[in-house]
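Written below as structure tokens is the structure these notes are about.
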Amino acid sequence: MLRVIDTETCGLQGGVVEVASVDVIDGRIVNPMSDLISPDRPISRQAMAIHRITETMVLGKPTIEEAIGRYHGSPYYVAHNASFDRRMLPEMPGEWICTMTLARGLWPGKKYGNQALREALQLDVTPPADLHAHRALYDCYVTAALLIRIMEFSGWDAPEMVRRMQVRGSSATFPFGKYRGSRIDDVVKRDPGYLKWMLKNIPDLKPDLKSAMERALSAD
């Protein structure tokens, strides 16, 4: 099972006003869930213009900490621009997969917004009729359809998507040395021997840097 999750917020800095999810099981979209959320700050006018969730709609609703428990329970969480949703939510026990990152690798040169990919890839999906784009559950349906297309097109299962996303979408950079500031994914293409030398000769590398280098070399 993969759980597609989406949030709507008070703005780019946070403050969840809605959370939703659907599950993808055997290529089908099932188990829709959604909650309006009482945020920890005012909703910006710019955000309200996009998702149309007002202060009145969230008055008296649960906080995200109170609501998030029912969204737990999947080994994998999927989001479009997962780094944003992951940052907005309390810690979720499971691996994360980003459909935007995977789509960039599979279909270069396109626009990568959810609705743009829906049109470009002609995704067959019917979100709830009473909602609109930029409501969390509506966007979950579109992301789920994109996830299904990614899996059908690539043949990747969930563990492989996690691996490819971490390697190809890694923003990890070297904090020191002759490639300081360069992305590990770029260096492995130009100078894989340097990564191998570092792994062999620098025993006290930080664990996250070491694992990023090992992933990059294994995927090259």
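For the sequence shown, position 56 matches number 58 in our numbering, and the numbering has no gaps at all. All C-beta atoms, glycine included, are put in the ideal place defined by N, C-alpha and C.
Original post:
Hey, out of Asp25, Pro41, Gly29, Pro44, whose CA is closest to Met35's CA?
Top reply: In the sequence shown, residue 35 corresponds to position 33, counting from 1. Closest option to Met35, Cα to Cα, is Asp25.
Original post:
So what's Arg30 in DSSP terms, helix, strand or just coil?
Top reply: Taking the first residue of the sequence shown as position 1, residue 30 is located at position 28. Strand, per DSSP.
Subject >> Ile7 (DSSP reduced to helix, strand or coil) >> reply: Locating residue 7 in the sequence shown gives position 5, where the first residue counts as 1. Ile7: strand per DSSP, three-state reduction.
Original post:
Grouping DSSP H, G and I as helix and E and B as strand, with all else coil, what is Trp98?
Top reply: The residue you call residue 98 lines up with position 96 of the sequence shown. Three-state DSSP puts Trp98 in a strand.
Original post:
Based on Cα-Cα distance, which residue from Val21, Ile52, Arg5, Arg165 lies nearest to Gly29?
Top reply: Along the sequence shown, read from residue 1 onward, the residue named residue 29 stands at position 27. Checked all of Val21, Ile52, Arg5, Arg165; the closest Cα to Gly29 is Arg5.
**OP:** With a threshold of 16 other CB atoms inside 10 Å of the CB of Glu20, please say whether the residue is buried or exposed.
**Re:** Taking the sequence shown and counting its residues from 1, the one referred to as residue 20 is at position 18. Buried, since its Cβ has 16 or more Cβ neighbours within 10 Å.
Original post:
Should Ile99 and Met163 be called a contact, given that it needs their Cβ atoms to be closer than 8 Å?
Top reply: If you number the sequence shown from 1, residue 99 lands on position 97. If you number the sequence shown from 1, residue 163 lands on position 161. Yes.
Subject >> Segments assigned alpha helix (DSSP H), at least 4 residues, entirely inside the stretch 63 to 97 >> reply: 66 to 69, 84 to 90
Original post:
If you drop the 5 nearest sequence neighbours on each side, which residues of the same chain put their C-beta closer than 7 Å to that of Arg106?
Top reply: The residue you call residue 106 lines up with position 104 of the sequence shown. Once the five neighbours on either side are set aside, the close Cβ partners of Arg106 are Tyr114.
Subject >> Residue environment, Phe178, which counts as buried when at least 16 other CB atoms sit within 10 Å >> reply: The residue labelled residue 178 in the question sits at position 176 within the sequence shown. Classification for Phe178: exposed.
**OP:** Using beta-carbon positions only, say whether Ser23 and Ile7 come within less than 8 Å of one another.
**Re:** Here residue 23 refers to the residue found at position 21 when the sequence shown is read from its first residue. Here residue 7 refers to the residue found at position 5 when the sequence shown is read from its first residue. It is a contact, given that the beta carbons lie within the stated cut-off.
Original post:
Taking DSSP as the reference, what is the three-state secondary structure of Ser233?
Top reply: Since the displayed the chain opens at 3 and closes at 222, residue 233 lies outside it and no answer follows.
**OP:** Along the alpha helix (DSSP H) that carries Asp188, what are the first and last residues, could you check?
**Re:** What you label residue 188 is simply residue 186 of the sequence shown in a count that begins at 1. 186 to 192 is the extent of the alpha helix (DSSP H) around Asp188.
Original post:
The alpha helix (DSSP H) spanning Leu149 covers which residue range?
Top reply: Here residue 149 is taken as the residue at index 147 of the sequence shown, counted from 1. Start and end: 138 to 156.
Original post:
Closest to Pro95 by CA distance: which of Tyr73, Gly111, Asn116, His82 is it?
Top reply: The residue you call residue 95 lines up with position 93 of the sequence shown. Residue Tyr73 is the option with its Cα nearest to Pro95.
Original post:
Start and end of the alpha helix (DSSP H) containing Thr175?
Top reply: Along the sequence shown, one-based indexing puts residue 175 at 173. That residue, Thr175, is in no alpha helix (DSSP H); it is neither H nor E in DSSP.
Original post:
Which stretch, first to last residue, makes up the alpha helix (DSSP H) that contains Leu119?
Top reply: The residue given as residue 119 occupies position 117 in the sequence shown. 116 to 122 is the span of the alpha helix (DSSP H), which, as asked, contains Leu119.
Original post:
Cα separation between Met90 and Pro194?
Top reply: Numbered from 1 along the sequence shown, position 88 holds the residue referred to as residue 90. Numbered from 1 along the sequence shown, position 192 holds the residue referred to as residue 194. Approximately 35 Å between the Cα atoms of the pair.
**OP:** Could you tell me the distance, in whole angstroms, from the CA atom of Leu207 to the CA atom of Leu201?
**Re:** Sequence index remark: in the sequence shown, residue 207 carries index 205 (1-based). Sequence index remark: in the sequence shown, residue 201 carries index 199 (1-based). Taking the straight line joining both Cα atoms gives about 8 Å.
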